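Structure, as structure tokens:
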Amino acid sequence: MEKVVVDSERCLRCGLCVGTAPDTFDYGEDGESVVKNDTVTEQVREVVDMCPVAAISIVEDNTEEEKTEE
Ligand code: SF4
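Structure (structure tokens):
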């Protein structure tokens, strides 16, 4: 399954992702973007391209596959 991640170190704190997809992103303690819900939505796909420093990525989450392996 895919999930969204943010590189908070790289984030410029422009607020664009939080404003565009408030169900997914929120502000962290220092105003950086943090993911509060990692579900990949259409809005998330849009902000991946919009972020000025490409701090947002969609990655493959293999956690569930690992769980099924004995
Ligand atoms: S769009 Fe990018 S730079 Fe702007 S707040 Fe979101 S992660 Fe940070």
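All residue numbers for the sequence shown refer to our numbering, where the first residue is 31 and numbers rise by one. Cβ coordinates follow ideal geometry from the N, Cα and C atoms, glycine included. Keep in mind it's a predicted model, so treat the numbers as computed, not measured.
To the nearest angstrom, report how far apart ASN92 and MET31 are at their CA atoms.
Residue numbering aside, residue 92 sits at position 62 when the sequence shown is read from its first letter. Residue numbering aside, residue 31 sits at position 1 when the sequence shown is read from its first letter. If you take the alpha carbons of ASN92 and MET31, they lie about 7 Å apart.
Using three-state DSSP, classify ASP24 as helix, strand or coil.
A question about residue 24 goes unanswered here, because the residues of the chain that appear run from 31 up to 100.
Where VAL70 falls: helix, strand or coil (DSSP)
Residue mapping note: residue 70 aligns to position 40 of the sequence shown, counting from 1. Coil.
Under the criterion of a Cβ to heavy atom distance below 8 Å, does PRO82 qualify as lining the ligand SF4?
For the purposes of this step, residue 82 is taken as the residue at position 52 of the sequence shown. Yes - the ligand SF4 has a heavy atom lying nearer than 8 Å to the Cβ of PRO82.
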